[in-house]
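J.: Below you will find the structure I want to go over with you.
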Amino acid sequence: MTQLIKKTIFPGMTLILFLLTIGCINQDKATKETVQAAPQEELLQLSLTPPMGWNSWNPFGANVSEKVIMETADAFVSSGLKDAGYTYIVIDDIWQGGRDSVTGILYPDRVRFPSGIKALADYVHSKCLKFGIYSDAGTLTCGDRPGSFGYEEKDAKLFAEWGVDYLKYDFCYCPDYASLHNDYKMAIARYKAMGDALKATGRPIVFSVCEWGPRSPWLWGREVGGQLWRVSYDVGDKWDEPRNEQSQIGILTAIDVMCDLERFAGPGGWNDPDMLVIGLKNSGFIKGGGCTFEEYRTQMSMWCMFSAPLMLGCPVNNMTEETKSILLNKDIIAIDQDPLGKQAFRVWRKDGIEAWKKPLSGDRVALAFLNRNSKEVSITASLEQLEIDLKVDYKVYDVWKHEIVKQPAGAITTSMKSHECQVFVLTPLANQTN
Ligand code: GLA
293 MTQLIKKTIF
303 PGMTLILFLL
313 TIGCINQDKA
323 TKETVQAAPQ
333 EELLQLSLTP
343 PMGWNSWNPF
353 GANVSEKVIM
363 ETADAFVSSG
373 LKDAGYTYIV
383 IDDIWQGGRD
393 SVTGILYPDR
403 VRFPSGIKAL
413 ADYVHSKCLK
423 FGIYSDAGTL
433 TCGDRPGSFG
443 YEEKDAKLFA
453 EWGVDYLKYD
463 FCYCPDYASL
473 HNDYKMAIAR
483 YKAMGDALKA
493 TGRPIVFSVC
503 EWGPRSPWLW
513 GREVGGQLWR
523 VSYDVGDKWD
533 EPRNEQSQIG
543 ILTAIDVMCD
553 LERFAGPGGW
563 NDPDMLVIGL
573 KNSGFIKGGG
583 CTFEEYRTQM
593 SMWCMFSAPL
603 MLGCPVNNMT
613 EETKSILLNK
623 DIIAIDQDPL
633 GKQAFRVWRK
643 DGIEAWKKPL
653 SGDRVALAFL
663 NRNSKEVSIT
673 ASLEQLEIDL
683 KVDYKVYDVW
693 KHEIVKQPAG
703 AITTSMKSHE
713 CQVFVLTPLA
723 NQTN
């Protein structure tokens, strides 16, 4: 008997899980002040800030199982990830066992998910977390499992019955049923078919469009019902690798892909430069060679500057202190989750140094400096170059040092390690309450 069956079938346990779930709903109400929203209203409220959670692909790939998901849910609570705002636990590809040839109903791999997906979703919900799953707009998934093409309504209904709160929807094996020029329209049609099917279930399910960017999903992602859309190919555990269809890209390439897409992001719809590789250190499923501490911290900094979805991609039940210091930094997470929902844009570039600016609520501004060089550098940028209002006096807070830093009048100056990113929040002194 599996651990999950023991936990769900044990007399009284089902009732306990149910009561715990009700507890979560009440907790949600108290914290978010949401009153029993009708389904349509709940849909409108989905992902008003970028979704935060974890996805199984980077660390586990084809070895994902109910044991892994349960341990991840437990670790979310014990490590402080849940308290820091990470909510969705998403099973990526290769959870599927097949599709029943008579009923057409999808079923999970019976060895790795012996208790079934509904029981697993219940377990995740009992921890006051949300549960996500993966499918594909084509006939097969990227891992050659059954895709949802032609089964959109059936699959959406099944996912809703299982208690799914988030669907990542990939684009492999999509029938190229018209000319190449129709490729764009075909993507819209396939994603709309699933977006509509999800809406028809009446359950609020975050719809993660994963077309990788070639057909500009930022132009139609919202229209098809998406709350986030991938803008890049898969990010590997590596710093720099150019964009191509054959191999994973590096963190730096994903940053460049996000440039100029800021006008498409905002509450309810986010550009997604892929999952985080922080903490992998070349372990797990996707590999890539690994990154330095500074490079991992840069990924976190820039994803937060971009208001990107923060989907963790490392095993979370044995994170090092270094990894925790990055993933649990509440100051940088607050930049990602700022209610204005503005994506940063590049304001300044010189000698391999870039400055990115993100307007925040309360007339504050976040500024990130990124050192693309393989050497340490010192920089000074005037507030004018950084397009900061010179008439306003600001307090400057360093979100990685967690302290207010003194800066010369009219400029920001700092020295940076190779591939480091430093982030500062500028708060108008007049806005300070103390
Ligand atoms: C594609 C996606 C990845 C992952 C795999 C699973 O490559 O871009 O994020 O979901 O498929 O097969």
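Heads up, the sequence shown is in this note's numbering, so the first residue is 293 and it goes up one at a time. Even glycine gets a Cβ: it sits at the ideal position worked out from N, Cα and C.
So the beta strand (DSSP E) Gly345 belongs to, where does it begin and stop?
T.: Note, Gly345: beta strand (DSSP E), Met344 to Asn347.
J.: Mapping DSSP to helix, strand and coil, what is Cys264?
T.: The chain is shown from 293 up to 726; residue 264 falls before or after that span and cannot be answered.
J.: Given the structure, does Cys596 come close to ligand 1, in the sense that its CB is under 7 Å from one of the ligand's heavy atoms?
T.: Checking every heavy atom of ligand 1 against the Cβ of Cys596, none is found closer than 7 Å.
J.: Ligand 1 heavy atoms versus the CB of Tyr426: any closer than 7 Å?
T.: Correct: Tyr426 has its Cβ closer than 7 Å to ligand 1.
J.: Does the beta-carbon of Gly580, which I'm using as the reference point, lie nearer than 7 Å to any heavy atom of ligand 1?
T.: Flag unset: Cβ of Gly580 not near ligand 1.
J.: Could you check whether Leu652 and Tyr686 sit closer than 8 Å to each other, using their CB atoms as the reference points?
T.: No, the Cβ-Cβ distance between Tyr686 and Leu652 is not below 8 Å.
J.: By Cβ distance, which residues of its chain are closer than 8 Å to Asn726, with the 5 residues on each side in sequence left out?
T.: Only weak support is given to the placement of Asn726: the predicted model assigns it a pLDDT of 46, under 50, and the value that follows is read from those uncertain coordinates. Once the five neighbours on either side are set aside, Asn726 has no close Cβ partner at all.
J.: Using a Cβ-Cβ cut-off of 6 Å (strictly less than) and excluding sequence neighbours within five positions of Ala329, which residues of its own chain qualify?
T.: Because Ala329 sits at a pLDDT of 45, beneath the cut-off of 50, its placement in the model cannot be relied upon, and the following sentence gives the value as read from the coordinates. So the list is empty, once near-sequence residues are dropped.
J.: Within its chain, find whatever has a CB closer than 7 Å to the CB of Glu325; leave out the 5 residues flanking it on each side and keep chain order.
T.: A caution first: Glu325 carries a pLDDT of 35, below 50, which makes its placement in the model too unreliable to give a value.
J.: Please report how far the alpha carbon of Pro534 lies from the alpha carbon of Tyr525, in whole angstroms.
T.: Cα to Cα, Pro534 sits roughly 10 Å from Tyr525.
J.: What does the alpha-carbon distance come out to for the pair Tyr483 and Val360?
T.: If you take the alpha carbons of Tyr483 and Val360, they lie about 29 Å apart.
J.: What does a CB cutoff of less than 6 Å around Gly582 pick up in its chain, not counting 5 residues either side in sequence?
T.: Closer than 6 Å at Cβ, skipping near neighbours: Asp529, Lys573 and Asn574.
J.: Given the structure, does Thr431 come close to ligand 1, in the sense that its CB is under 7 Å from one of the ligand's heavy atoms?
T.: False, no ligand heavy atom lies under 7 Å from that Cβ.
J.: Residues in its own chain within less than 6 Å of Trp648 by CB, not counting five upstream and five downstream?
T.: Excluding positions up to five away in sequence, the list reads Met597, Ala636, Arg638 and Ala660.
J.: Can you tell me where the beta strand (DSSP E) holding Met708 begins and where it ends?
T.: Residues Ala703 to Met708.
J.: How about Met708 and Val669: do their beta carbons lie closer than 8 Å?
T.: Closer than 8 Å, so yes.
J.: Kindly examine ligand 1 and report whether one of its heavy atoms sits closer than 7 Å to the Cβ of Pro384.
T.: Note that residue 384 is Asp in the sequence shown, not Pro. Checking every heavy atom of ligand 1 against the Cβ of Asp384, one is found closer than 7 Å.
J.: Given the structure, does Cys434 come close to ligand 1, in the sense that its CB is under 7 Å from one of the ligand's heavy atoms?
T.: Yes, since a heavy atom of ligand 1 falls inside the 7 Å radius drawn around the Cβ of Cys434.
J.: Please check the pair Cys606 and Gly576, which I expect to be a contact at CB under 8 Å, by giving their CB distance rounded to whole angstroms.
T.: About 7 Å; that satisfies the 8 Å criterion.
J.: To the nearest angstrom, how far is it from the Cα of Leu721 to the Cα of Ile696?
T.: Each residue's alpha carbon lies about 12 Å from the other.
J.: Is it buried or exposed, Phe716, if we count other Cβ atoms within 10 angstroms and call 16 or more buried?
T.: When all chains shown are included, Phe716 counts as buried.
J.: Measure from the alpha carbon of Gln388 to the alpha carbon of each residue in Asp375, Thr395, Ala376 and Arg404, then state which is nearest.
T.: Checked all of Asp375, Thr395, Ala376 and Arg404; the closest Cα to Gln388 is Arg404.
J.: Return helix, strand or coil for Leu432, following the three-state DSSP convention.
T.: Correct three-state label for Leu432: strand.
J.: Looking at the structure shown, is Val360 part of a helix, part of a strand, or coil, going by DSSP?
T.: DSSP places Val360 in helix when its eight states are reduced to three.
J.: Quick one: what does DSSP say Gly581 is sitting in, helix, strand or coil?
T.: Coil at Gly581, not helix or strand.
J.: Any idea what DSSP makes of Gly390, helix, strand or coil?
T.: It is a strand residue.
J.: Kindly confirm or deny that the region 371-387 and the region 341-349 touch, where touching means at least three C-beta pairs closer than 8 Å.
T.: Touching, yes, given that three or more Cβ pairs across the two stretches are closer than 8 Å.
J.: With 16 as the cutoff for other CB atoms within 10 Å, does Thr672 come out buried or exposed?
T.: Per the 10 Å Cβ criterion, exposed.
J.: Gln714 by DSSP, collapsed to three states: which one?
T.: Strand.
J.: If we cut at 8 Å on Cβ distances, does Asp532 have a partner in chain C?
T.: No chain C is present in this structure, which holds just one protein chain.
J.: Mind checking whether Lys419 and Phe368 have CB atoms under 8 Å apart?
T.: Closer than 8 Å, so yes.
J.: Note the first and the last residue of the continuous alpha helix (DSSP H) segment covering Leu544.
T.: Ile543 to Met550 is the span of the alpha helix (DSSP H), which, as asked, contains Leu544.
J.: Can you tell me whether His694 is buried or exposed? The criterion is at least 16 other CB atoms within 10 Å of its CB, across all chains shown.
T.: The residue is exposed, with fewer than 16 neighbouring Cβ atoms inside 10 Å.
J.: If you drop the 5 nearest sequence neighbours on each side, which residues of the same chain put their C-beta closer than 7 Å to that of Leu632?
T.: Taken in chain order, the residues that qualify are Pro651, Leu652 and Ser653.
J.: Below 7 Å CB to CB, which residues in the same chain sit around Tyr443 once its five sequence neighbours on both sides are set aside?
T.: Hits under 7 Å: Gly396.
J.: Which of helix, strand or coil does DSSP assign to Gly442?
T.: DSSP places Gly442 in coil when its eight states are reduced to three.
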